[in-house]
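Novice: Taken in sequence, the protein lines are chains A and B. All residue numbers for the first sequence refer to our numbering, where the first residue is 9 and numbers rise by one. All residue numbers for the second sequence refer to our numbering, where the first residue is 585 and numbers rise by one. Beta carbons are placed, not taken as given, at the ideal position from N, Cα and C, and that holds for glycine. Note that this is a predicted model, so its numbers are computed, not measured. Here it is, the structure in full.
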Amino acid sequence: MNDSQLTPEEQTLITQLRSVRKHKIDPAVREAIRAQMLGEFRAIVQSGQLPSTPTTGLTSFPFYVIAGLVAVVAIVIIGLAVINRPSENNATPTTALSPTQQVVVVPTSTPETILANETPTIEVTPTIAPIVTTELIASTPPMIVTTTPEPTLETVVVVEGPVSEIADNRVTIYDYSIAVEPQHPILNLINVGDVVRIEGMFDSSGVVVASVVSNIPSTNVVSGGEATVGLEGPVEAIDGNVIVVNSIPVQLTPDDPLLQTLEVGDFVSVQGNFQGSGATIVLVVVNITIVNNVIIDDNPLCWYHDDGMGMGHWHCDGMGMGGMGMGDDGMGGMGMGQ
Amino acid sequence: MQQPPNEQALIAQAQSGDEEAVSLLYERHVDAIFEYFRYRVDSKTTAEDLTSEVFLRMVRGLGSYRDKGLPFRAWLYRIAGNLVIDYYRQHKKRDTMALPESYESDDTDPFDRLAIDEEQVRLRLAIRTLPEDYQDLLVMRFVQELPHTEIAKIMNKSAAALRAMQHRAIKALGEQMEAMSRNPTFGQGDDQ
C-alpha cells in the first residue's frame, strides 16, 4: 500500500506522528541511571558472569583450572540441594514418579488475576509404575525442582499460561523459565502476552526443556500424541501441497482433500511436527482444519479478532497483497509492501 | 575525526567487561527507550524508572546476548515491551482516558510546556487508548522511525501480519482522534 491508498486523514495522522516533539531524558536522571547501570555492570564483571573475551582468554586459560572450578561448583550445588531438601512436616508435595508421570502446572485463576507472589497449583498424578527417586519441591515462583538424575526418568511438565518474557530461547510463563530449542520456529510466532502451552522435561540441571510448544491453548497437542506444534493463522500462500501460515511453511500430504478447497486468506488451525532444520524447516501436518474461510472480494488480508470467552469476529481490510508497506530503510515513509 | 565504533564492536567490548563500551551503548539508546516509555506509560517518572530497568537488564543480560543479525536496539525494545506488560499487570487500574500527569505537571520547563500543543497531547492520549500492539507499532514505526523489518522481528510478527496490523492501527487511531474531537472533555479526567 502506498500513500495514495490512505485517506487524507490517515496521511495527516502519520505526518502528525512523525512531527511530534521528541522527548529526551532529563540530564540528571540520565546520569543517575548511567551510574546505577555501571555499578551493576561492575558487580557483574567482578562476579565473573560476563563471558570472557573470545579466544584470547580461553586459549591461554589452563583447562585443569576450568575443570577444577566446575568440580567445585558441582559440589556446592549438590550441597545446596541436600540442604534445601524439604522437611517431613512441610506441605511440599513429595512423591515417587514413574517414567510416564506428568506434572501439570496450571493457574489457579485466570491469567489476568495471577499475582507475582501466587503459587500455581501443581498437580501430580502418579501412575502405577516402577518407583524412581525423584522429589519435587514447590515454592513460590520460580519453582525449584530438584531431581535425582535417573536415566529412565521422563517426567513431563506441562505449563499453560501467558508468556511474560521471551529472551533468546527462554520462554517465561508465571516465572517459570522454559528452554526451547534455539532454532525452534515457534519462537518466531509467540509473543509476550500470548497464552501458550508448553510441555517439556527437566534436564539434568533442573531446567524445563520444552518438547511440545503450542500457541493454541485449547488445542490438544499433548505429548504422546502425534503433533508437537499448534498454529493458527491465515493462509498466506499456497504452493502445491505446502502452504504458509504465520510465515511458517506447512506441508500437507499431496492428496489431502483440503487442498482442493483451501485458499489464501483462509484461517486455519494446524497441528503437526517440525521437520528439517534451518531455513528448510517445515511443519508437517498431522491435523488441519479451516476455522473460518471468510474471504471478501478476494481480499486475503482478513483476520480473526478473538473477543475472548470463545467469541470472536472477522475483519477484512480493503487492501491488496501489497498491503501497508514500508521501506525497510526505515525512513522511506509509505512505500510498497514486500 | 574519529569514527564512532560500530555497534557489534561495542557489544563485544561490553561483553568483555569494558565499562566505556557499556556507557556508549547506553548513550546511543537511552533517549529512544525513554521516548518509547513516554508513549506507553502515564508519567514521566514511570518512564524514567522503566528506562532505568531496561538498562539494568541490559547489563545483566549482556553475558548471554547473542547477535542474531538484528540491531542491538531490537533486544532493548523487547525488554522494554516486556516491562510495559509487567507494569500494567501490576497496575491493573489503568485509566487510559485520563490526561496523564506528565502532561500537566511533569514538564517543568515552561518552554517545553508551550511546545506541547493540544493536538499532540490528543494524539498521545489517543495512542494510549489503542491495543498494546497498535501502540508499539505506531510509536516504533512513525515516532521512532524504525524499519519495518526490525519492528516485525521485535514484535514477532510476519511482514504480512505487520502490514495488516499497521493499516488497522492507523485506522483505529483516526477513529479515536475523531471520537476525541467530538467530545472535547475526552482526556481531561483525573489521572492516577
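1) Which chain A residues sit within Cβ distance under 7 Å of S607/B?
2) Name the chain B residues whose beta carbon is nearer than 8 Å to that of E240/A?
3) In chain B, what lies closer than 7 Å to E207/A by C-beta?
4) Cβ of L291/A less than 9 Å from any chain B Cβ?
5) Go ahead and label S648/B buried or exposed: buried means 16 or more other beta carbons lie within 10 angstroms of its beta carbon, across all protein chains shown.
6) Counting only the same chain and skipping the five closest in sequence on each side, list residues whose C-beta sits under 6 Å from that of A218/A.
7) Please report whether the beta-carbon of G169/A lies at a distance below 9 Å from any beta-carbon of chain B.
8) According to DSSP, is Q259/A helix, strand or coil?
9) Below 8 Å, can you find three or more Cβ-Cβ pairs linking the region 611-625 of chain B to the region 658-671 of chain B?
10) Tell me which same chain residues have a C-beta within less than 8 Å of the C-beta of R644/B, skipping the five on either side of it?
11) For the beta strand (DSSP E) holding Y184/A, just list the boundary residues, first then last.
12) Taking the DSSP output, what are the residues bridged to N352/A?
13) Just tell me which of V292/A, V252/A, Q283/A and M45/A has its CA closest to the CA of Q191/A.
14) Measure the Cβ-Cβ separation of L197/A and N767/B and say whether it is below 9 Å.
15) What's the C-alpha gap between Q599/B and R650/B?
16) Check whether the region 731-747 of chain B touches the region 42-54 of chain A, taking contact to mean three or more Cβ pairs, one atom from each stretch, closer than 8 Å.
17) Assuming contact is defined by CB atoms lying nearer than 9 Å, are P715/B and A756/B in contact in what I supplied?
18) Excluding the 5 residues preceding and the 5 following K737/B in the sequence, name in chain order all residues of the same chain whose CB lies nearer than 8 Å to its CB.
19) Closest Cβ-Cβ distance between E632/B and chain A: below 9 Å?
20) With H, G and I counted as helix, E and B as strand and the rest as coil, what does DSSP make of P190/A?
21) Could you tell me whether the Cβ atoms of E18/A and G601/B are closer together than 9 Å?
22) Can you list the alpha helix (DSSP H) stretches of 4 or more residues lying completely in the region 604-659 of chain B, in chain order?
23) Please check if any C-beta of chain B sits within less than 9 Å of the C-beta of Q24/A.
24) Strictly below 7 Å CB to CB, what residues from chain B border D176/A?
25) DSSP state of S172/A, grouped into three classes?
26) Mark S627/B as exposed unless 16 or more other C-beta atoms lie within 10 angstroms of its C-beta, in which case mark it buried.
27) With a threshold of 16 other CB atoms inside 10 Å of the CB of Q728/B, please say whether the residue is buried or exposed.
28) Find the residues of chain B that neighbour N254/A, judging by a C-beta separation of less than 7 Å, and give them in chain order.
29) With 9 Å as the threshold, decide whether the Cβ of Q349/A is near any Cβ in chain B.
30) Since T22/A contacts I754/B with CB under 8 Å, what's their CB separation in whole angstroms?
Specialist: Looking at the atomic coordinates:
1) Chain A residues near S607/B: R42 and L46.
2) Residues of chain B with a Cβ closer than 8 Å to the Cβ of E240/A do not exist, since the nearest Cβ in that chain sits about 12 Å away.
3) By Cβ distance, chain B contributes nothing, its closest Cβ being about 21 Å from E207/A, past 7 Å.
4) Not a single C-beta of chain B is nearer than 9 Å to the C-beta of L291/A.
5) It is exposed - the Cβ of S648/B has fewer than 16 other Cβ atoms within 10 Å.
6) Same-chain partners within the cutoff: I186, V188, I206 and G208.
7) It does not; no Cβ of chain B falls within 9 Å.
8) Strand.
9) Below 8 Å, enough C-beta pairs join the region 611-625 of chain B and the region 658-671 of chain B to call them touching: three or more.
10) Listed in chain order, the non-local C-beta contacts of R644/B below 8 Å within the same chain number zero, local neighbours out to five positions each way being set aside.
11) Segment Y184 to A187, the beta strand (DSSP E) holding Y184/A.
12) Since the first residue shown for chain A is 9 and the last is 346, residue 352/A is missing from the structure and cannot be characterised.
13) Per the Cα distances, Q283/A.
14) For L197/A and N767/B, no; Cβs fall outside 9 Å.
15) Rounded to whole angstroms, Q599/B to R650/B spans 10 Å at the Cα level.
16) In this structure the region 731-747 of chain B does not touch the region 42-54 of chain A; the number of beta carbon pairs closer than 8 Å is below three.
17) Their beta carbons are under 9 Å apart, which means P715/B touches A756/B by this criterion.
18) L654 and A658, listed in sequence order.
19) Interface residue, yes.
20) It is coil, neither helix nor strand.
21) No Cβ-Cβ contact shorter than 9 Å links E18/A with G601/B.
22) Correct list: 628-645.
23) Q24/A counts as touching chain B.
24) Here the neighbours are S648 and R650.
25) It is a strand residue.
26) Taking a 10 Å sphere around the C-beta of S627/B, we find 16 or more other C-beta atoms and assign the residue as buried.
27) The residue is buried, with at least 16 neighbouring Cβ atoms inside 10 Å.
28) Under the 7 Å cutoff, chain B gives S742.
29) Any question about residue 349/A goes unanswered here, given that chain A covers just 9 to 346.
30) Inspection of the sequence shows that residue 22/A is occupied by Ile rather than by Thr. Between I754/B and I22/A the Cβ distance is about 7 Å, and since that is below 8 Å, they are a contact.
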